[in-house]
Amino acid sequence: MNILMVTSEAVPFAKTGGLADAVSALSIALSKLGHDVRIVLPRYYRIDRSALELIPGPMGVHCGYQEIWTGLYTTKLPGSDVPVYFIDHEQTYGRDGIYGVPGETDFNDNPQRFSLLGHAAFQLCRKINWMPDIVHAHDWAAALAPILLKFHGEYHDFSSTASVFTIHNMGYQGVYGKHQYPHTGLSWDSFYAAGFEDWDRMNFLKAALVSSDKLTTVSPTYAQEIQRPEYGFRMDGILRYRSQDLIGILNGVDTEIWNPAKDKLIPVRYTAKTLDKKAENKKALQKRMGLEENPNIPIVGMITRLADQKGVSELFGPAYGSAYRICTEIDLQMVILGSGEDWCEKELSTLNRELPNFSAYIGYDEDLSHLIEAGSDFFLMPSRYEPCGLNQMYSLIYGTLPIVRRTGGLVDTVQNYNEQTGEGTGFILDNLTPQSIYDTVGWAAYAWYNKPKHIRAMQLQGMKQKFGWDISAKKYEDVYKSALLEK
Ligand code: ADP
Ligand code: GLC
């Protein structure tokens, strides 16, 4: 099959979260199954044009009231034959930030920027003379592609192409004033028919949920959860209506990058058989984070966007968050790598100053993220909701026991510790409250000090788990086939 991935993020070019990892790894896995997979995304300012190949001639994209003349660049996804195409338009994408910058977290012209992406995806196919069987769009920023396919008259040459839309996160929908709607280039009839209308505003995600042939999301549990009001972010009704076309497929892990036996970003590599070597990574992590170099104290690690989704209010909320009590009342060290909401970054700096056993690095750091996975004993993810979550899977592979909330993909990947039998791969908390995070971290630390055999058995059990993208890619293949069949 010819498959076009439309996305605002793909590693190694542009990333704010797991979406970028998922799109690239899925594309590679599908191409290994024999499909012709190609990716299209904007050429943001930070993507160096000199490392890309220019496809000669400008590309005119009819987008709303205007015709926008863009450049087109290409390269291959590293380590694969998957072509990646970059839509180059200085005024639209030539700036720092994918969706925004600190101080303007959602660019005012995002409806226009991501409408251009949707239209350019089709224009690109015409220009390179390659017709996709499937247009697979990811999250709201790419939502216009399936909507155009169904509702825009200009794209009738794509009439045999089917669309698949993957929800990586219901919390981000692309909701804007409807005066921005003309940028989509669609008529006002489609405003209603495609499902854009949302309390008299426009909603990109909602329109994609209505318009796409098939919907997927990134774990089976999340596919169920979002059909309920607590997790549906007001879209649960549409999702219940479309439940026959909604499939949950767990993300995989790119085991070329996340593998303690091969990882070049950690000081000492190890496997289940040489698990004792993990201690050397722990020592290196303590050193790097300025903590006491002590093998006899457990480290709880975290790598996260500092956003409400991740449970950071309950953990770090000034005055009520549990991190302070965790670090002062439980004998452990805590290491956190993250960036995001301003109040939270400030709170982390305060804890950094006040607590000798707490160390936070505020920013984005790929190398440190590998060291935290390899060097920590536990990995904390008390998410409010978690469509899939990648770090708990990395943790399992690295013999680092996840402490997670019972939600979304966390449920599908972590088995709770059974203190009678020693079975399980991690520790699960039900309610997202400061107290229950405290209790569960305390439970994990208790087991670490008092049940070392259980801890070791859980680590080994976790390291055996298989999260290969090959398994997930086959499930996407089935979704594509049924989308084409039902078209
Ligand atoms: P989400 O996409 O909701 O942020 P995921 O768990 O799916 O959550 O993916 C997050 C990805 O981003 C992981 O690969 C994680 O290691 C990475 N990540 C998040 N914050 C940082 C950071 N500050 N530095 C390095 N990597 C980070
Ligand atoms: C989103 C979700 C995360 C998921 C990732 C990749 O950012 O928050 O849970 O793992 O997308 O699908």
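Residues 50 to 536, numbered by the numbering used here, are exactly what the sequence shown covers, in order. Glycine residues also receive a C-beta, built at the ideal position from the N, C-alpha and C atoms. Since we're looking at a predicted model, the values are computed, not measured.
Is P91 near ligand 2 - that is, is its Cβ less than 7 Å away from at least one heavy atom of it? no
Give me the Cα-Cα distance between F427 and W497, rounded to the nearest whole angstrom. 10 Å
Output yes or no for whether 8 Å exceeds the beta carbon distance between M507 and Y466. yes
For the putative contact between L355 and V361, defined by C-beta atoms under 8 Å, what is the C-beta separation to the nearest angstrom? 5 Å
Going straight from the alpha carbon of N159 to that of P501, what length do you get? 52 Å
When you measure from the CB of N330 to every non-hydrogen atom of ligand 2, does any distance come out below 7 Å? no
I'd like to know whether the C-beta atoms of F245 and Q222 end up nearer to each other than 8 Å. no
Candidates G152, W189, D188, K199: closest to F171 by CA position: K199
Suppose only complete runs of 4+ residues qualify. What are the alpha helix (DSSP H) ranges in the region 461-533, listed by chain order? 483-499, 501-512
D303: CB within 7 Å of a non-hydrogen atom of ligand 3: Only ligand 1 and ligand 2 can be found as ligands here, which leaves ligand 3 out of the picture.
What's the C-alpha gap between D130 and G83? 11 Å
Run of the beta strand (DSSP E) containing T115, from where it starts to where it stops: With the sequence shown as reference, residue 115 is identified as Gln, and Thr is not the correct amino acid for it. First-last of the beta strand (DSSP E) with Q115: 115-125.
Take the Cβ of Q541 as the centre, count every other Cβ of all protein chains shown within 10 Å, and call the residue buried at 16 or more, exposed below. A question about residue 541 goes unanswered here, because the residues of the chain that appear run from 50 up to 536.
Sequence-ordered residues whose beta carbon comes within less than 7 Å of a heavy atom of ligand 2: G66, G67, L68, D70, A71, H217, N218, V267, N300, Q358, E435, P436, C437, G438, L439, G457, G458
Helix, strand or coil, according to DSSP, for D137 in the structure here? strand
Just the Cα atoms here: how many angstroms apart are H503 and C376? 24 Å
For T449, would you say it is in contact with chain D, using Cβ-to-Cβ distances shorter than 8 Å as the test? Protein chain content of the structure displayed is limited to a single chain, and chain D is not contained in it.
3 or more residues per run - each beta strand (DSSP E) lying fully within the region 244-275: 250-252, 263-266
DSSP beta-bridge partners for N51? D85
Between L299 and L258, is the Cβ-Cβ spacing less than 8 Å? no
From this set, K524, S57, I52, which residue's C-alpha is nearest L295's C-alpha? K524
Shorter than 7 Å, the distance from the beta carbon of L254 to the closest heavy atom of ligand 1, or not? no
Give me the DSSP bridge partner(s) of G389. L355
CB of Y434 within 8 Å of CB of Y204, strictly: no
Tell me whether C437 sits in a helix, a strand or coil according to DSSP, three-state version. coil
If you reduce the DSSP assignment to three classes, tell me which class V72 lands in. helix
Please classify M180 as buried or exposed, where buried requires at least 16 other C-beta atoms within 10 Å of its C-beta. exposed
Cβ-Cβ separation, I486 to P431 (assumed contact under 8 Å), whole Å: 5 Å
In whole angstroms, what separates the C-alpha of D312 from that of K513? 17 Å
Between G167 and Y94, how many whole angstroms is the CB-CB distance? I'm expecting something under 8 Å. Their Cβ separation, rounded to whole angstroms, is 21 Å, which puts G167 and Y94 out of contact at 8 Å.
Taking the straight line between their C-alpha atoms, what separation do you get for A493 and V453? 11 Å
Enumerate in chain order the residues of its own chain whose CB-to-CB distance from Q161 is below 6 Å, with the five nearest sequence positions on each side excluded. H232
Quick check: what's the CA-CA separation for L429 versus D70? 20 Å
Take the Cβ of A328 as the centre, count every other Cβ of all protein chains shown within 10 Å, and call the residue buried at 16 or more, exposed below. exposed
To which residues of the same chain is N406 closer than 6 Å at the C-beta, ignoring the five residues directly before and after it? C376, Q382
When burial is assigned at 16 or more other CB atoms within 10 Å of the CB, is I520 buried or exposed? exposed
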